[in-house]
Amino acid sequence: MALPPAFRFLLRHLPQSTSPGSVSSIFPKLSIPVHRKLSILFSSSPKPTSSPPQVTPKATKENKLVFNKDERLGSGAVSCDESVVNSSTIAAIVTSLCGPPAAVGIVRLSGPSAVSIVGRVFLPASRKKRRRPDWRPVSHVVEYGEVLDSHGNVIDEVLVVPMLGPKSYTREDVVELQCHGSEICLRRVLRACLDAGARIAEPGEFTLRAFLNGRLDLSQAENVGKLISAKSVAAADSALAGIQGGFSSLVKLLRAQCIELLTEIEARLDFDDEMPPLELNLVIDKIHGMLQEVENALGTANYDKLLQSGLQIAIVGRPNVGKSSLLNAWSKSERAIVTDIAGTTRDIVEANISVGGIPVTLLDTAGIRDTDDIVEKIGVERSEVVATSADVIVMTVSATEGWTLEDEKLLERIQSNKSGSSSSPVVLVINKIDCAPSSAYDWVNTLSSSFNKHVFTCAVSGQGIPDLEAAIIELVGLNRISTGGRKWTVNQRQCEQLVRTREAFIRLKGSISEEIPLDFWTIDLREAALALGQISGEDISEEVLSNIFGKFCIGK
Amino acid sequence: MTTTLSLHLTRIVSQFPVPSSLFCPLSSAKQRPQLLKCRLGLRFHVHRCFFASPYATPRRCFSISASNSQGWDKDSDTSNERYDVIVVGGGHAGCEAALSSARIGAKTLLLTLNIDRIAWQPCNPAVGGPAKSQLVHEVDALGGEIGKVADRCYLQKRILNISRGPAVRALRAQTDKREYASEMKKIVESTPNLSIREAMVTDILVGKNDNVEGVRTFFGMNFYAPSVVLTTGTFMSGKIWVGKTSMPAGRAGESASHGLTENLQQLGFETDRLKTGTPARVDCRTVDFSGLEPQHGDEEVNWFSFDPDYHIEREQMCCYLTRTTNSTHQLIKDNLHETPTYGGWVEAKGPRYCPSIEDKIVRFQDKESHQIFLEPEGRSVPELYVQGFSTGLPERLQLPLLRTLPGLENCSMLRPAYAVEYDYLPAHQCFRSLMTKKIEGLFFSGQINGTTGYEEAAAQGIISGINAARHSDGKSLIVLERESSYIGTLIDDLVTKDLREPYRMLTSRSEHRLLLRSDNADSRLTPLGREIGLIDDRRWKIYLDKQARISEEKQRLKKTRISGGDLAAEITEVSGQPVRDSSTLESLLKKPHIQYKVFDKHGFGNDLLSRLDKECVEVDIKYEGFIVRQQNQLQQMVNQQHKRLPEDLDYYAMTTLSHEAREKLSKVRPQTIGQASRVGGVSPADVTALLIILESNRRRANEERRHQMLTSIVADANQEVSEGPLKETTIS
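Sequences listed follow chains R and W, in order. Each residue of the first sequence is one higher than the one before, starting from 283 at the first, in the numbering used here. Each residue of the second sequence is one higher than the one before, starting from 35 at the first, in the numbering used here.
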């Protein structure tokens, strides 16, 4: 009995709102005005409004928004969508990263494709044998398994908690991955999710979605509002403030270059016959230069690579300078056998440590010397191979013996090997400083051009190890990105934008090489400038225009 | 009594000049009342017949009672006239507004200061150019007139940016100034439902509900209509300057309009002043063209209008190029104190894209020479427009200055350069339908909104005309979204951004210009024009046939495959890329430098398609990847940005917004979230906060609605309970 009156109610109000509908066929969503009309009927404003009464009829008059699609394109009809709900799936580490590592940390995903994204990275233990079928989780049933990266390597063992919408915090499909609590694990798992198609969540975005999807009530929501506006201002500030050193100025510089190029091109598009012709080669050179800069920035700013593969540090040097002691002291273990006998280490000894949050594999090598011992000879060869492939080479010398002829030869060998491939930085470690007077290091300065850094250590006491770590952090560029837990997510976002920038530049290069007309270059240049602007939070359109007018003599 | 009578007679005559109504091709429905009129002469019940025509909606029938026998006395009491739409101003905005309104079926009156100056081109007689040509194509696609008249009256046509991509390719036409005006005047005069009258409007008549009721003229006439479009151009309190001397005028030789600004201010509108200018005209018979670089028109002429009936080629005239010399620069530097800007007696800055020659020389000191174009103003007049040479110098210096230009050493000047200052109304006072926020039924368009350019004016004109007619008919208003067209972008910019200089359309103002090309203006907007009622059956059929041809051809190119042969050889050579066996023609067209012409050359073309059709096919296929990418980006953006904002939001009460955002949003009152985000001073954080407030409001409304529904259900149920026994008794 309850339904018919409800229908009658709707019908009573429908004709009013659709009466001007003679043009309704071109306005795809007729339901929108109906809905709006209803909400106007029941006054959508929180307080009795102070606005004059005649506003309402005017408002209803203005209700035809036309967005005409291009009929020639056929598909892709664009229509207004009242829903604010994003179609993207967001992911973030939701447990605290500050302080000592917890036993368990959680990566949360929310959005329409949360399940399929997790399905791509998660291998349930029960189905390990079979080739991965579609993952169809039962809501609120915990599953155990492994998370794999894009190459199929196991990253972590996890418990997966699927909470399918609407029975979840955001009312969307939510999947939580309970990982081991170490920062590295969590970041790798998050990275895998992002690779599989998720987007990193904005601060407070889960709560925002929860609110927008009707999960939170009004009083909570108003608190969220304050929270978000506070946070997004803070985020914009910290986005710039949080980056130290060259990165933010690099982004600003690149963006300025993009805008300058856009200015050059757009001025010619709008003021065709008044401009001197564009020097295409200069433009192309600039674009190549910018792409290179972005690549470099990605190279140094890219945590992914470091997180996924870690760093390899090879400790090389003459026999008996204390390489193995250094490894032991650094890794706080007795991993390598240490004796006074030269040539004790015959094979590569590995030890895993963490430097600045990055996994590092230390490789202790056989002391490099000419030898007749067949086993030691193989060891020396291996040492050289390891030295050429390591990310950082730590060349160790003994403070007591100073710089010897053998050291000189060894350095030459390292340099000749690495000159072909990309050059790994070399750190000079002067070990055993406890055994030598501190005045005897003048020779170090004469060598400074051959090494990227030099550090004094005493492997026995552990003295100088923090200096060594600091030197390495600086060399691989980690120091340019702050290592604080919360800041890292900011940098992840910046990375994303840098990748977007790089992709735009790569497409642009493609357009140039295919000799696609000038106007198409602006599409990707704009994209690059927008991506860079996302980092600094600036918009570009007005800037390009005022640049055009400021820079060129145009107009008739 | 007699005066009233004659007024009515003149009106009828001006509506239907007898000769033109006989030759005018009209639909049968329109013809009947006209023929009646011709047969019966000018008796009064004819008047009634006309208003009872199929176009008259019940609302428009008030004229019947006003002119029938009982109403006769009433009518004679007042010397008033009633219309559906009144358009004030007969420039490029006014003409489009009046034409579209009358064509939709509204009884329209065009009031202008001088009938002989209808559609006058007071500055450069040229139509089109980058971004402006897109506007013209779009107006034409909606059923407007500017493109057709430009196609009919061109002196020279050129495609600009031809190799820089389909989105920025632009058609520019030099037009015959006098011919243009007289052609447009003929069209305006011969359009049914449209009357013209010379008048200076001084007051807007406003009703009790802040709705417009009509206008009052200087000589005391009242004209009534529920919709009024103001297109005053540079005439509102216009003042022209030559050097230090000024006089009140809308244009040189034409008096300004006074009183309207004050009236609008009294109604609560904010007004401001803008400045623009026009260069000198010289006598072409005194110019030595022999040493000047000629600039010829295109051999293959292109068209603004999508209607092939207007594609009639004519002989083209030549433009010439000259340059400023050292003595030009010296003369200006010596006399800078005589210019308004540098002499310091005019503060208003001119538009940045249209700098005076002294501005160019001061600001770009390292540039030794600036290009100057000499462009003819007509076939039958000797006037040459000196483009790029506008100046604020006094008249006595203007001729010596002109004579420093090569070729102009002995020229004689016909008209001096002058600047014009005028009142405009910052357009944040309008909705995107161009109706003002303060007065219902009052529309602004053209230079009054702070734009420059005939094309910008026409674009606003057609939208305000359509909406004025729809408003008078009680229909909902049309808003073109920013992403749909240059027209939409133009209006969105006008009503959202804080403009401080005359606004000119530029391609860089459109974020997704690849989707807003000239070649697809028809497929974007003609269906809308049809729905509105501006595209007749003939035009609609032409449109549908064209779309069918294009889509069939695209299918054909997808299916046809070739292996080897001359075509493959030429494509390999031109593109530098190998052609695989059994490649589709579509894939060949996507290769660099390959144009549809190659298919024609080797017999793979399609003769059913016109050159323009083939261009469409080529663009669609060749740049498909880019277009689809932009389309996807647009789709994502639209989903977020098209969320509507209620009209009655109290921004000042929103404490989560920044103070600046509260202030700016209260002023602009944007209609969508996207528009709000484009208002200067509104940060992304403000937009998020705004979204949250909207959602809270929606929730609250939902709650209330649920509550209301429940009460109504309860009420209905109670009613039914009480009706129940009654029913039962009747059944039993």
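Cβ atoms here follow ideal geometry from the backbone N, Cα and C, with glycine treated the same way.
Partner residues on chain R for residue i, Cβ-Cβ distance less than 7 Å
i	result
residue 171(W)	The premise fails here: residue 171(W) is roughly 13 Å from chain R at the closest Cβ pair, so nothing lies under 7 Å.
CB contact check: residue i to chain R, cutoff 8 Å
i	result
residue 533(W)	no
residue 201(W)	yes
residue 289(W)	no
residue 195(W)	yes
residue 557(W)	yes
residue 654(W)	yes
residue 561(W)	yes
residue 540(W)	yes
residue 90(W)	Reliability of the predicted coordinates at residue 90(W) is poor, the pLDDT of 37 falling under 50, and the value obtained from them is presented with this limitation in mind. Judged by the 8 Å Cβ criterion, residue 90(W) is not in contact with chain R.
Pairwise C-alpha distance: residue j and residue i
i	j	result
residue 339(R)	residue 471(W)	Confidence at residue 339(R) is low in this model, with a pLDDT of 38, below 50, so the placement of that residue should be treated as unreliable; the coordinate-derived value is given next. About 12 Å.
residue 483(R)	residue 454(R)	14 Å
residue 749(W)	residue 737(W)	18 Å
residue 121(W)	residue 402(W)	48 Å
residue 595(R)	residue 673(R)	6 Å
residue 229(W)	residue 149(W)	11 Å
residue 418(R)	residue 428(R)	16 Å
residue 146(W)	residue 398(W)	42 Å
residue 486(W)	residue 492(R)	48 Å
residue 671(R)	residue 593(R)	11 Å
residue 246(W)	residue 747(W)	41 Å
residue 351(W)	residue 523(W)	34 Å
residue 715(W)	residue 508(W)	36 Å
residue 315(R)	residue 476(R)	Note that residue 315(R) has pLDDT 36, beneath the 50 cutoff, so the model's placement of it is unreliable and no number is given.
residue 636(W)	residue 604(W)	9 Å
Beta carbon proximity, residue i to chain W, threshold 8 Å
i	result
residue 354(R)	yes
residue 466(R)	no
residue 805(R)	yes
residue 543(R)	no
Contact set between residue i and chain W, taken where Cβ atoms lie within less than 7 Å
i	result
residue 802(R)	199, 660
Interface residues of chain W facing residue i [CB-CB closer than 9 Å]
i	result
residue 797(R)	626, 627
8 Å Cβ cut-off: residues of chain W touching residue i
i	result
residue 790(R)	Within chain W, no residue comes near residue 790(R); the closest Cβ sits about 12 Å away, beyond 8 Å.
residue 546(R)	Result: empty, since nearest Cβ-Cβ is about 12 Å, beyond 8 Å.
residue 573(R)	In chain order: nothing, as chain W lies at least about 19 Å away.
Neighbour-count burial assignment, residue i, 16 or more Cβ in a 10 Å radius
i	result
residue 889(R)	The shown model of chain R, from 283 to 838, leaves out residue 889(R), and the question about it has no answer.
residue 362(R)	The predicted model places residue 362(R) with a pLDDT of 36, which falls under 50 and marks its position as unreliable; any figure quoted below should be read in that light. Buried, because 16 or more other Cβ atoms sit within 10 Å of the Cβ of residue 362(R).
residue 416(R)	exposed
residue 545(W)	buried
residue 178(W)	buried
Chain-ordered chain R contacts of residue i [CB-CB under 9 Å]
i	result
residue 207(W)	The premise fails here: residue 207(W) is roughly 14 Å from chain R at the closest Cβ pair, so nothing lies under 9 Å.
residue 647(W)	Under the 9 Å cutoff, chain R gives no residues; its nearest Cβ is about 11 Å from residue 647(W).
residue 554(W)	352, 353, 354, 355
residue 581(W)	353, 354
8 Å Cβ cutoff, residue i in contact with chain C
i	result
residue 399(W)	In the structure shown, chain C cannot be found, because the protein chains are R and W.
Contact test: residue i Cβ vs the ligand ZN heavy atom, cutoff 7 Å
i	result
residue 735(W)	The ligand ZN is absent from the structure shown, which contains no ligand whatsoever.
Subject >> the region 460-474 of chain W contacting the region 523-532 of chain W, beta-carbon criterion three pairs below 8 Å >> reply: yes
Original post:
Counting pairs of Cβ atoms below 8 Å between the region 218-234 of chain W and the region 421-433 of chain W, do you hit three or more?
Top reply: no
Subject >> Touching by the beta-carbon criterion (3+ pairs, under 8 Å), the region 245-261 of chain W and the region 401-417 of chain W >> reply: no
**OP:** Flag this pair as touching only if the region 165-174 of chain W and the region 281-291 of chain W have three or more C-beta atom pairs under 8 Å; answer yes or no.
**Re:** no
Original post:
So does the region 637-644 of chain R actually touch the region 678-695 of chain R, counting three or more Cβ pairs closer than 8 Å?
Top reply: no
Subject >> Three or more C-beta pairs below 8 Å linking the region 644-654 of chain W and the region 583-603 of chain W >> reply: yes
**OP:** Decide if the region 359-366 of chain W is in contact with the region 592-600 of chain W; the criterion is three or more beta carbon pairs, one per stretch, under 8 Å apart.
**Re:** no
**OP:** Could you say if the region 713-720 of chain R and the region 730-746 of chain R meet the contact criterion of at least three C-beta pairs nearer than 8 Å?
**Re:** yes
Original post:
Taking three-plus beta-carbon pairs below 8 Å as touching, is the region 179-186 of chain W in contact with the region 208-217 of chain W?
Top reply: yes
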